[in-house]
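Engineer: Let me give you the structure first, and then I'll get to my questions.
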Amino acid sequence: IKQDFRLLGQTSVDRLLQLSQGQTVKGNQLLPVSLVKRKTTLPPNTQTASPQALADSLMQLARQISRLESGQ
Numbered sequence: 006i007k008q009d010f011r012l013l014g015q016t017s018v019d020r021l022l023q024l025s026q027g028q029t030v031k032g033n034q035l036l037p038v039s040l041v042k043r044k045t046t047l048p049p050n051t052q053t054a055s056p057q058a059l060a061d062s063l064m065q066l067a068r069q070i071s072r073l074e075s076g077q
């Protein structure tokens, strides 16, 4: 992902100045990003998983979340 860090910094400073002057600042502000394709970028996955494989993955994820929540 490529971001314009100058724009990010300028936007952050502008918002902080507005807040310090008691002005209302809108919620989140989206800034443009772009995908930089390098040799480590894989092509899109064109295969689709079966409903059973998706269900199995979701159940495994639910078990892992449960373990994390219980502190195991």
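For the sequence shown, the working numbering assigns the number 6 to the initial residue and increments by one for each residue that follows. The beta carbon of each residue, even a glycine, is placed where N, CA and C say it ideally should be.
Can you give me the start and stop residues for the alpha helix (DSSP H) that R43 sits inside?
Structural biologist: Working through the sequence shown from its first residue, we reach residue 43 at position 38. It is not in any alpha helix (DSSP H) - R43 carries neither H nor E in the DSSP assignment.
Engineer: Please go through the same chain and pick out, in chain order, the residues whose beta-carbon is closer than 8 Å to the beta-carbon of I6, but skip the five residues on each side of it.
Structural biologist: The residue you call residue 6 lines up with position 1 of the sequence shown. Annotation for I6: V38, S39, L40 and V41 place their beta carbon closer than 8 Å to its own, counting only its chain and skipping 5 residues before and after.
Engineer: L24 to T16, Cα distance in whole Å?
Structural biologist: Indexing the sequence shown from 1 puts residue 24 at position 19. Indexing the sequence shown from 1 puts residue 16 at position 11. Rounded to whole angstroms, L24 to T16 spans 12 Å at the Cα level.
Engineer: Could you tell me the distance, in whole angstroms, from the CA atom of T53 to the CA atom of A67?
Structural biologist: As a working note, residue 53 is residue 48 in the sequence shown. As a working note, residue 67 is residue 62 in the sequence shown. So the two alpha carbons sit approximately 21 Å from each other.
Engineer: Which two residues bound the contiguous alpha helix (DSSP H) that contains Q65?
Structural biologist: The residue you call residue 65 lines up with position 60 of the sequence shown. Here the alpha helix (DSSP H) through Q65 covers P56 to S75.
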